[in-house]
Amino acid sequence: MTKMTAANQTVPDEKGRFGSFGGRYVPETLMNALNELEEAFEEARRDPQFLAQLNHLFSYYSGRPTPLYYAQRLSETLGGAQIYLKREDLNHTGAHKLNNALGQGLLAKRLGKKAIIAETGAGQHGVASATVAAKLGLSCKVFMGEEDIKRQELNVFRMKLLGAEVIPATSGTRTLKDATNEAIRYWVSHVEEAFYVIGSVIGPHPYPYMVREFQKIIGEETKEQAMDQIGRMPDEVIACVGGGSNAMGMFYPFIGENVRLRGVEAAGHGIDTKKHSAKLTLGTPGVIHGTLTYLLQDEYGQVQEAHSISAGLDYPGVGPEHAYLKEIGRVTYTAVTDEEALAALQLLSETEGIIPALESAHALADAIKIAPDMSSDKVIVVCLSGRGDKDVAAIQKYLQPKKGEEQR
């Protein structure tokens, strides 16, 4: 069984940079908190007691390792490559987000904090943070855009049931970007007592690095399971990219392997429209939420509105390590539309009895595009980052028959 262990890494450097990306662009009032966090994380990741505690929670609370599942009917329906799914949707709370929330929650306790704050888009990170707060006896505030609160009503109820306070962000587009703004504002004024649990590989150093380290268990397990089940490494590994935590966790252990890596962004209504969230495809380097990375911005540096049917991908920036991997050409980044993601969600539901999260459906849609052109001895692994229960109400209106059409 794969466990979280201390490991060498080439990026980030000592200044928290991935090539020219990353770094720490924050108010002076947060520098001490970030220095304290960096020091605490470096000590913790080398502390056998901390690693044992985290691995125990992974095994007996979260339910790891998650399976690597051969989607036989889906593969046969498409023809071509064999498609395997890394079932992060089977984690406790229904997504990969718990891996990171458990790690940061333990760090909060290690630092003597009594409260955690978090931001969330699709709600899965908010649910994971609320879960960890309940488990560890911490108070929890979750910032969430008003628009996302409407789209993810079920997850909002779950957070409240777990004892968290959900605070609506009412500015801007009322989505994840605005929730993150509000969380950072709150953190600046409560930095002494509150630990900010960032949910993706974004934000100032050490967050992108720290979240990757807590999420890399996804890729490490996948490598071991691929060797056990197919006797070799897969040919392609695919994951969706919003902020990019499930993708970074899946990709990182494969960086040194002869495996093609594909990150899939949200093309929304199409990358030839203004309704998309394809920052690696169409964005340019700039600073957002404390880090230098690719983002959607105008010629004056003003952050532009992002769009995706998936609340978890509806974010104008991306983790700085993804920007670095794009620049060095190690990962291919592409984008699929809302319609393609919905079609993928339906196909997986009908062929395998698995309803994926809308985020994961983007990665699956890319696999559906490329699999038929590959030979049957090739293997694709898709990171199924979350389950689709949370999205059922949101997608119902898109899939209801139009006037004059028959109900299926």
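2 is the number of the first residue of the sequence shown in this note's numbering; add one for each residue after it.
The beta carbon of each residue, even a glycine, is placed where N, CA and C say it ideally should be.
This one's a predicted model, so the numbers in the text were calculated from it and none came from an experiment.
Tell me whether residue i is buried or exposed, calling it buried when 16 or more other Cβ atoms sit within 10 Å of its Cβ.
i, result
"His57", "exposed"
"Ala195", "buried"
"Asn9", "Because the pLDDT at Asn9 is just 46, under 50, the model does not fix this residue reliably, and the value given afterwards should be weighed accordingly. Looking at its Cβ environment, which holds fewer than 16 other Cβ atoms inside 10 Å, Asn9 is exposed."
"Lys16", "exposed"
"Gly330", "exposed"
"Ala394", "exposed"
"Glu40", "exposed"
"Ala34", "buried"
"Ser376", "exposed"
"Gly389", "buried"
"Asp315", "buried"
"Asn156", "buried"
"Asn101", "buried"
"Phe158", "exposed"
"Gln216", "buried"
"Gly80", "exposed"
"Leu400", "exposed"
Nearest to residue i by CA position, among the options, is which residue?
i, options, result
"Met160", "Leu281, Gly257, Thr171, Ala135", "Ala135"
"Glu147", "Leu107, Leu177, Gly95, Glu15", "Leu177"
"Val192", "Val332, Gly250, Met32, Asn182", "Met32"
"Asp392", "Gln347, Glu237, Glu40", "Gln347"
"Gly264", "Thr274, His270, Glu237", "Glu237"
"Asp378", "Ala72, Glu77, Ala82, Phe51", "Ala82"
"His277", "Glu258, Thr292, Gly250, Ile310", "Ile310"
"Gly269", "Ala240, Pro357, Gln230, His363", "His363"
"Ile355", "Leu326, Leu385, Asp374", "Leu385"
"Gly200", "Gln153, Ala227, Val128, Gln226", "Val128"
"Ser21", "Ala372, Val242, Val288, Phe42", "Val288"
"Lys370", "Gln397, Glu360, Ala342, Pro68", "Ala342"
"Leu162", "Thr132, Thr333, Leu314, Leu86", "Thr132"
"Glu328", "Phe19, Phe252, Pro13", "Phe19"
"Ala366", "Glu353, Asp374, Thr352, Glu340", "Glu340"
"Val27", "Arg186, Ser140, Ala180", "Arg186"
"Ile396", "Thr294, Thr171, Pro357", "Pro357"
"Val167", "Ser130, Pro235, Gly318", "Ser130"
"Val304", "Gly318, Met234, Thr11", "Gly318"
"Glu300", "His308, Ala312, Gly284, Leu293", "Gly284"
"Ala279", "Ser190, Glu306, Pro68", "Glu306"
"Ala1", "Gly232, Gly243, Pro207, Glu225", "Residue 1 falls outside the range modelled here, since the chain spans only 2 to 409, and no answer is possible."
The beta strand (DSSP E) with residue i in it runs from where to where?
i, result
"Pro411", "With the chain represented from 2 up to 409, any question about residue 411 goes unanswered, as that position is not in the structure."
"Arg159", "Arg159 -> not in any beta strand (DSSP E); alpha helix (DSSP H) instead, spanning 154-162."
"Arg88", "83-88"
"Met32", "No beta strand (DSSP E) contains Met32, which is instead part of the alpha helix (DSSP H) from 32-45."
"Ala119", "116-121"
"Ser140", "140-146"
Contact check, residue i vs residue j under 8 angstroms by CB: the rounded distance?
i, j, result
"Leu55", "Leu103", "6 angstroms"
"Gly23", "Pro321", "4 angstroms"
"Leu91", "Ile84", "The Cβ separation is near 17 angstroms, so there is no contact."
"Gly291", "Gly204", "5 angstroms"
"Arg213", "Val202", "5 angstroms"
"Cys241", "Ser361", "6 angstroms"
"His93", "Ser63", "5 angstroms"
"Ala324", "Thr294", "5 angstroms"
Quick check on the DSSP output: the alpha helix (DSSP H) that includes residue i runs from which residue to which?
i, result
"Leu103", "98-111"
"Glu328", "321-328"
"Ala345", "339-353"
"Tyr295", "Here Tyr295 belongs to no alpha helix (DSSP H); instead the beta strand (DSSP E) covers 292-296."
"Lys280", "280-283"
"Ala131", "125-137"
Within 7 angstroms: the Cβ of residue i and any heavy atom of the ligand COA?
i, result
"Asp299", "The ligand COA is not among the ligands present in this structure, which contains no ligands whatsoever."
Contact criterion: CB-CB distance below 8 angstroms. Does residue i meet it with respect to chain D?
i, result
"Ser140", "The question asks about chain D, but that chain is absent: this structure has only one protein chain."
message: What ranges does the beta strand (DSSP E) occupy inside the segment 188-260, keeping only unbroken runs of at least 3 residues that lie completely in it?
response: The segment 188-260 contains these whole beta strand (DSSP E) runs: 195-198, 237-241.
Segments assigned alpha helix (DSSP H), at least 4 residues, entirely inside the segment 54-86: Listed in chain order, the complete alpha helix (DSSP H) runs (minimum 4 residues) inside the segment 54-86 are 73-79.
- prompt: Which runs of the alpha helix (DSSP H) fall wholly inside the segment 356-401 and span at least 4 residues, in chain order?
  reply: 359-371, 393-400
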